[in-house]
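Taking numbering that gives the first Met the number 0, the leading residue of the sequence shown gets 0, the next gets one more, and so forth.
Taking it in order: structure first as structure tokens, then the write-up.
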Amino acid sequence: MASNEVLKKLTFESYNAMSRPAMFWNIPIMPMVGLLMGGLVFGVAATFLLSWVWGLLTASPFLIALIALRVVGLIDPQYLRRIRFARRRLWLNLKYGKPLLLTPFNPQWSEFYGARFSHKRYAPGKESAIDALSGPRTHGDPTRQ
Numbered sequence: 000m001a002s003n004e005v006l007k008k009l010t011f012e013s014y015n016a017m018s019r020p021a022m023f024w025n026i027p028i029m030p031m032v033g034l035l036m037g038g039l040v041f042g043v044a045a046t047f048l049l050s051w052v053w054g055l056l057t058a059s060p061f062l063i064a065l066i067a068l069r070v071v072g073l074i075d076p077q078y079l080r081r082i083r084f085a086r087r088r089l090w091l092n093l094k095y096g097k098p099l100l101l102t103p104f105n106p107q108w109s110e111f112y113g114a115r116f117s118h119k120r121y122a123p124g125k126e127s128a129i130d131a132l133s134g135p136r137t138h139g140d141p142t143r144q
């Protein structure tokens, strides 16, 4: 009997809870709030300006999207996050090309690190921040600290 209890799989309800989206009726909360508020604002505006029929017609795409979100949430709660990452990857592919490595990128790095080693002036110009870094290293140099 004791060996059976050891082999029993332990389950924890809080396991992986921080990576799951917050859901209400199997719909992620933030998209649900956005769709409900959009449907409410546009539906009330169309009802006030035109008629109640136009108000219902204006609010119906938001309700259809809410139902679609519920169906998608029932199948895979992480699907919206996967779509977001796929859209970001597609945008980066279009912007930088397919063999892009996803690494942190700071646009100011090339200003100091890249130019520090490969900077050579062919035309004289005014002094820049790189001029202080382009010379050889010496101990006790106050500009390089």
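No residue lacks a Cβ here, since even glycine has one placed at the ideal position from N, Cα and C.
- According to the DSSP assignment, residue 92 belongs to the alpha helix (DSSP H) that extends over 78-95.
- As a beta-bridge residue in DSSP terms, residue 22 pairs with 27.
- Contact annotation: residue 26 and residue 68 have beta-carbon atoms nearer than 8 Å.
- Of all C-beta pairs linking the stretch 27-36 to the stretch 65-83, three or more are shorter than 8 Å, placing the two stretches in contact.
- Between the alpha carbons of residue 88 and residue 22 lies a distance of about 26 Å.
- Shown here for residue 72: same chain residues with a beta carbon closer than 7 Å to its own, the five before and five after excluded, namely 22, 25, 26, 27 in chain order.
- For residue 45 against residue 53, the beta-carbon gap comes to about 5 Å, under 8 Å, which counts as contact.
- Looking at 48, 86, 47, 60, the one whose alpha-carbon comes closest to that of residue 37 is 60.
- Taken atom to atom, the span from the alpha-carbon of residue 95 to that of residue 83 is near 18 Å.
- For residue 59, the uninterrupted alpha helix (DSSP H) run begins and ends at 51-74, by DSSP.
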